[in-house]
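The structure appears below as structure tokens.
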């Protein structure tokens, strides 16, 4: 019955080219025969290989199952390979079109690694996304030789390669946040970030030196005491060679935000096809979403619009999620 209705439906709707996946190739003679016998307008059927993206599923039936079983938050879950899901995650439409152009259309089934799509997204966002700083795993830094209560507004580009995008203002104060992994108590030789007695440059700011670190009762480092070199703001004095540059935010001015980091939805490249008798649901990645509720971002992001991409410097590309509220912003990681 489907073969009988398929061609007539296309003919009635004046479809000129009926584009189908490869399993319809064997049905084309019957498709053509029914139309020929009925003497009606004849569309032309063409077959192509379906798109198979690695570490996810493209079948509508399987996607529906994920939604129905509440294994994802909905069709627009940022981990879903749907247009609404990719839009919510921050994938630009142009990047998706570029991806389609690169992989082309073929007649043989193959699997395309998700990294190919992510590369297209990354290329476009690198050109267009405004820059900002956000600390996702904060450790407190006190600049002990910077006056208490003093604040300073530093100037930085919105995009270093796109001067027409303008400048942004970044507040600096005595107490800052940096990433925990930018400090090591006993760093190896090629660790160019912060450690006891070591120097590092704060992006768009001063060179600082760590003089002391403070631990809690469990031995966890909770605070760093540093000094700054006032002569290094926007300058590199002769003889000073500091290799490491790290991002930071001022504690007094930081926006507390939630960050959601996404990984592959499945643990295997071709879910449901790797082992006979294994349900594709059992191959889901339980760590495909990591919610970090207590991150700190620079205040320029206070008016971030839903879906507008940003590069969080040194971390990747992010956009504000629809779950954001005025006083509680949520950012989705698009790609690293």
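Numbering (my numbering), first residue to last: 1433 to 1768. Note that CB positions come from ideal geometry on N, CA and C, so glycine has one too.
Q | C-alpha gap between residue 1447 and residue 1533, whole angstroms | A | Counting from 1 along the chain shown, the entry for residue 1447 is found at position 15. Counting from 1 along the chain shown, the entry for residue 1533 is found at position 101. So the alpha carbons of these two residues sit roughly 24 Å apart.
Q.
I need the boundaries of the alpha helix (DSSP H) containing residue 1530, first residue and last residue.
A. Translated into the one-based positions of the chain shown, residue 1530 becomes position 98. Note, residue 1530: alpha helix (DSSP H), 1525-1535.
Q.
Quick check: what's the CA-CA separation for residue 1720 versus residue 1609?
A. What you label residue 1720 is simply residue 288 of the chain shown in a count that begins at 1. What you label residue 1609 is simply residue 177 of the chain shown in a count that begins at 1. Whole-angstrom Cα-Cα distance: 27 Å.
Q.
Tell me which residue opens and which closes the beta strand (DSSP E) that residue 1516 is part of.
A. Walking along the chain shown from the start, residue 1516 turns up at place 84. Per DSSP, residue 1516 belongs to no beta strand (DSSP E); it is in the alpha helix (DSSP H), 1515-1521.
Q) Helix, strand or coil for residue 1675 per DSSP? A) Within the chain shown, numbered from 1, the residue matching residue 1675 stands at position 243. Correct three-state label for residue 1675: coil.
Q) What separation, rounded to the nearest whole angstrom, lies between the Cα atoms of residue 1681 and residue 1589? A) The count along the chain shown starts at 1 and reaches residue 1681 at position 249. The count along the chain shown starts at 1 and reaches residue 1589 at position 157. Going by the C-alpha atoms only, they are around 16 Å apart.
(Q) Measuring alpha carbon to alpha carbon, tell me which residue in 1527, 1504 and 1764 is nearest residue 1751. (A) Here residue 1751 is taken as the residue at index 319 of the chain shown, counted from 1. The candidate whose alpha carbon is nearest that of residue 1751 is 1764.
Q | CA-to-CA distance, residue 1527 to residue 1473, given in whole angstroms | A | For the purposes of this step, residue 1473 is taken as the residue at position 41 of the chain shown. For the purposes of this step, residue 1527 is taken as the residue at position 95 of the chain shown. Residue 1473 and residue 1527: Cα-Cα distance of roughly 37 Å.
(Q) Pull the bridge partners of residue 1543 from the DSSP assignment, please. (A) Mapped onto the chain shown, residue 1543 falls at position 111. Listed as beta-bridge partners of residue 1543 by DSSP are 1484.
Q: May I have the straight-line CA-CA distance separating residue 1519 from residue 1766, to the nearest angstrom?
A: Stepping through the chain shown from its first residue, residue 1519 is reached at position 87. Stepping through the chain shown from its first residue, residue 1766 is reached at position 334. Cα-Cα distance, rounded: 10 Å.
Q | Nearest to residue 1583 (by Cα), restricted to the options 1576, 1567, 1606 and 1761 | A | Residue numbering aside, residue 1583 sits at position 151 when the chain shown is read from its first letter. Among 1576, 1567, 1606 and 1761, the Cα nearest to that of residue 1583 is on 1606.
Q: Spatial neighbours of residue 1517 within its chain, please: CB distance less than 8 Å, with the 5 preceding and 5 following residues excluded, ordered by chain position.
A: By 1-based counting over the chain shown, the position of residue 1517 is 85. 1507, 1508, 1509, 1510 and 1511, listed in sequence order.
Q) What are the uninterrupted segments assigned as beta strand (DSSP E) that are 3 or more residues long and contained completely in the region 1622-1700, given in chain order? A) If only complete runs of 3 or more residues are kept, the region 1622-1700 shows the beta strand (DSSP E) at 1631-1634, 1639-1647, 1653-1661 and 1687-1694, in order along the chain.
Q: Measure the Cβ-Cβ separation of residue 1493 and residue 1477 and say whether it is below 7 Å.
A: Taking the first residue of the chain shown as 1, we reach residue 1493 at position 61. Taking the first residue of the chain shown as 1, we reach residue 1477 at position 45. The answer is no: Cβ separation not under 7 Å.
Q | Sequence-distant residues of its chain with Cβ nearer than 7 Å to residue 1688 (five each side left out) | A | On the chain shown, position 256 is the one that residue 1688 refers to. Exclusion of the five residues before and after residue 1688 leaves 1726 and 1728 as the residues of its chain whose Cβ lies within less than 7 Å of its Cβ.
Q | Own chain partners of residue 1569 with C-beta closer than 6 Å, once the 5 adjacent residues on each side are dropped | A | Within the chain shown, the letter at position 137 stands for residue 1569. Cβ within range, chain order: 1611 and 1612.
Q | Sequence-distant residues of its chain with Cβ nearer than 6 Å to residue 1722 (five each side left out) | A | On the chain shown, residue 1722 is found 290 positions in, with the first residue counted as 1. Result list for residue 1722: 1693, in chain order.
Q. What are the boundary residues of the beta strand (DSSP E) that includes residue 1586?
A. Against the chain shown, residue 1586 aligns to sequence position 154. Run containing residue 1586: 1583-1589, per the beta strand (DSSP E) assignment.
Q) Grouping DSSP H, G and I as helix and E and B as strand, with all else coil, what is residue 1460? A) The count along the chain shown starts at 1 and reaches residue 1460 at position 28. Three-state DSSP puts residue 1460 in a helix.
Q.
If you measure between the beta carbons of residue 1515 and residue 1531, is that distance less than 7 Å?
A. Your numbering for residue 1515 matches position 83 in the chain shown. Your numbering for residue 1531 matches position 99 in the chain shown. Not closer than 7 Å, so no.
Q | residue 1434 in three-state terms, based on DSSP | A | For the purposes of this step, residue 1434 is taken as residue 2 along the chain shown, with counting starting at 1. Helix, per DSSP.
Q.
Do residue 1585 and residue 1603 count as a contact pair if the criterion is CB distance below 7 Å?
A. Mapped onto the chain shown, residue 1603 falls at position 171. Mapped onto the chain shown, residue 1585 falls at position 153. With respect to residue 1585, residue 1603 sits close: the two C-beta atoms are nearer than 7 Å.
Q. Does the Cβ-Cβ distance between residue 1678 and residue 1632 come in under 7 Å?
A. For the purposes of this step, residue 1678 is taken as residue 246 along the chain shown, with counting starting at 1. For the purposes of this step, residue 1632 is taken as residue 200 along the chain shown, with counting starting at 1. A contact, by the Cβ cut-off of 7 Å.
(Q) Could you compute how far the alpha carbon of residue 1571 sits from the alpha carbon of residue 1702? (A) As a working mapping, residue 1571 is identified with position 139 in the chain shown. As a working mapping, residue 1702 is identified with position 270 in the chain shown. If you take the alpha carbons of residue 1571 and residue 1702, they lie about 40 Å apart.
Q.
Going by beta-carbon coordinates alone, are residue 1456 and residue 1436 separated by less than 7 Å?
A. Sequence index remark: in the chain shown, residue 1456 carries index 24 (1-based). Sequence index remark: in the chain shown, residue 1436 carries index 4 (1-based). The answer is no: Cβ separation not under 7 Å.
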